[in-house]
Amino acid sequence: MPLPPSASIAAISRHSGQAVTLAGWIAGKTEKGKLVFLRLRDGSGLIQCVVFRKNVAEETFTAAQSLTLESSCRISGVVRADERAPGGFEIDVSNVEIVQLAPEYPIQPKEHGVEFLMEHRHLWVRSAKQHALLRIRAEITAAAQEWLNDQGFVRFDSPILTPCAAEGTSNLFATQYFDLGSAYLGQTGQLYVEAGMMSFGKVYCFGPTFRAEKSKTRRHLTEFWMIEPEMAFATHEDNLVLQEQFVSAIVQRVLERRAADLATLERDTATLERCLPPFPRITYDDALDLIARHHAEVEGCTPLPWGEDLGAPHETLIASRFDRPVFVERFPSAIKAFYMEPDPQRPDVALCADLLAPEGYGEIIGGSQRIHDVALLERRIRAYGLNLDDYQWYLDLRRYGSVPHSGFGMGIERATAWIAGTHHIRETIPFPRMLYRMYP
RNA sequence: UCCCCGAUAGCUCAACGGUAGAGCGGCUGACUGUUAAUCAGUAGGUUCCAGGUUCGAAUCCUGGUCGGGGAGCCA
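Here our numbering is used: the first residue of the first sequence is 149, the next is one more, and so on.
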């Protein structure tokens, strides 16, 4: 009769000296004649299991010998402290029950190319580094939501199928929506969380967003997850304070709870430990000065005339001059979304900010104070060439009890790439969707 | 969309105009402390596709397909 697992590998030290049954997959095997070492992975951790021929039934030893990489099995035995074992504990095996014997496993414990690994992403997620990375992602999404919940935010999700372009800028994925014409996969939930903010005061949405841009860089996905808080009666200043507290709370929680995974990834945690408020702030104007003076330090970085948006090399240069995330605020309104509140001191710039992660990981947050005056918002919608009829519901939010309000969006994958120290964003989501990849 | 690069055994790669190879993995055997074990043996190929140059093409040329790196766009 099959035994259910009686212990998890992560908590194996609690069972030292006891007989347990573990259920999992074979992560490695070494045969040494009359003994077999099995490395068993159960999702919580990895442990070495030792099968001695003279200690077990002949069929148990044969079963242990026959196990292949990633075969599933139940292993019973006594937990024993042994300093020769990785992790300090091993299983002295008494029984091996094969659940399924796997044929030759494609992914070997050696170097593989990106194309091959992406083609086998459904198997690659079992590998130690991918496992650590995706656990960190899960910690980040949990930390982000729980922190906002603790601050009184209410989760208020936005639709994924939307009737028109929210910002009128990005290219959207279109799909046929019954007899109502085209629907578009949303590229932000922001306009909808503004409606929620007027109901709950503080809200956030969290879900996938879609950009049909033909981006082909290590910082872009066509489908990515974004968490977007929005607060009533909040100014640009309030927004920046919220962001630095939010980001540092997430980073500190990952440092506390996922230290082992950061170690697996060989992440240098020094820059993460410094990630505490307040974050430095520079204005767009200051950024242009800084670029003019230091552009030679970064390859491909050239001085910018006022009014041009920052490119990737400019962001890298700016981020490299600070030891923690840095806000770049008050961009020219003309290069930003139509709904951003103009600076009352200087109406040609917007009350907005991008948060740049250190170490060249780029923009992880974009946020702004939103226009709350209905007449100004109408003028902006027209000036951006958008169809006013599409935005009547959004204008209603300014007709009935309008208040100053602010919010931002954080890209989960970019934040994960930075915190985990992963070169390419594609590994920070289980199944990345990219320009040239939709399988598996 | 633009610029650059690549495709040879299951995987990682070599062969650069003259007989298509190695390491790893697989399979068979040996081994009581391995942990990307070691040793011996063994199987495994439409050199991405189509056309061209040549006595002869994995190799050179043209086109295509698939993919990688970067830019722009943005989170």
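Just so you know, even glycine gets a beta-carbon here, dropped at the ideal spot from N, CA and C. A quick note: this is a predicted structure, and the numbers were derived from the prediction, not measured.
Nearest-angstrom Cα separation, counted from residue j out to residue i
i	j	result
Val594	Ile567	In the structure as shown, the chain begins at 149 and stops at 588. Residue 594 is therefore absent and cannot be evaluated.
Gly589	Thr464	The structure shown has nothing for residue 589, since the chain only spans 149 to 588.
Asp502	Arg189	41 Å
Asn387	Phe301	14 Å
Ala331	Ser516	27 Å
Gln166	Ala411	29 Å
Glu404	Ala159	18 Å
Pro495	Gln278	47 Å
Phe579	Ala322	21 Å
Glu179	Pro234	17 Å
Thr210	Arg406	38 Å
Ser192	Ala291	20 Å
Leu589	Ala467	The structure shown has nothing for residue 589, since the chain only spans 149 to 588.
Ala397	Leu183	48 Å
Ser306	Ser242	54 Å
Val273	Pro425	34 Å
Glu561	Lys202	51 Å
Ala229	Ser154	18 Å
Ala460	Leu545	35 Å
Val226	Ser220	20 Å
Ala565	Ala382	29 Å
Pro552	Glu263	48 Å
Pro506	Gly181	52 Å
Gly559	Asp457	20 Å
Arg269	Pro588	7 Å
Tyr325	Ile157	48 Å
Ala485	Glu392	22 Å
Residue i and residue j closer than 8 Å at C-beta
i	j	result
Ile519	Tyr542	no
Pro428	Val399	no
Gly355	Ile308	yes
Ala380	Gly329	no
Leu438	Pro377	no
His443	Pro451	yes
Arg222	Ala171	yes
Arg527	Ala498	no
Leu271	Pro254	yes
Val402	Ile430	no
Leu471	Gly569	Residue identity check: residue 471 is Asp in the sequence provided, not Leu. Contact flag unset, no.
Thr216	Ala250	yes
Cys197	Glu252	no
Glu361	Asn319	yes
Ser554	His384	yes
Ala175	Arg162	no
Tyr340	Ile375	no
Leu524	Arg530	no
Asp538	Pro311	yes
Tyr432	Pro480	yes
Ile577	Leu265	no
Gly455	Ala482	yes
Residues that DSSP places opposite residue i in a beta bridge
i	result
Asn243	Ser224
Arg494	Asp491
Lys277	Looking at the DSSP assignment, Lys277 forms no beta bridge with any residue, so it has no partner.
Lys177	Leu186
Asp502	Val476, Gly514
Ala167	Val226
Ala158	For Ala158, which the question treats as bridged, DSSP gives no partner whatsoever.
Leu194	Arg189
Ala380	His553
Thr370	BP columns for Thr370 are empty, so no partner.
Glu218	Looking at the DSSP assignment, Glu218 forms no beta bridge with any residue, so it has no partner.
Phe627	Absent from the model: residue 627. The displayed extent of the chain is 149 to 588, so no value can be given.
Glu238	Gln196, Arg228
Val248	According to the sequence shown, residue 248 is Gln rather than Val. According to DSSP, which records beta bridges pairwise, Gln248 is partnered with Ser220.
Status (buried if at least 16 other CB within 10 Å, exposed otherwise) for residue i
i	result
Gly557	buried
Asp409	buried
Gln335	buried
Val247	exposed
Gly533	exposed
Arg359	buried
Gly337	buried
Ala435	buried
Met346	buried
Gly261	exposed
Ser214	exposed
- Query: Can you list, in chain order, the stretches of the alpha helix (DSSP H) that have 4 or more residues and sit fully within the region 452 to 489?
  - Reply: Within the region 452 to 489, the runs of alpha helix (DSSP H) at least 4 residues long that lie entirely inside it are, in chain order, 460 to 468.
- Query: Which ranges does the alpha helix (DSSP H) cover as unbroken runs of at least 4 residues, wholly within the region 399 to 461, from first to last along the chain?
  - Reply: If one requires a minimum length of 4 residues, the alpha helix (DSSP H) runs lying completely within the region 399 to 461 are 407 to 412, 418 to 421, 432 to 442, in chain order.
- Message: Please give the ranges of any beta strand (DSSP E) in the region 524 to 566, keeping only runs that are unbroken, at least 3 residues long and fully inside the region.
- Response: Fully enclosed beta strand (DSSP E) runs of 3 or longer: 553 to 559.
- Entirely enclosed beta strand (DSSP E) segments - the region 297 to 351, minimum 3 residues: Qualifying beta strand (DSSP E) stretches, in chain order: 322 to 324, 330 to 333.
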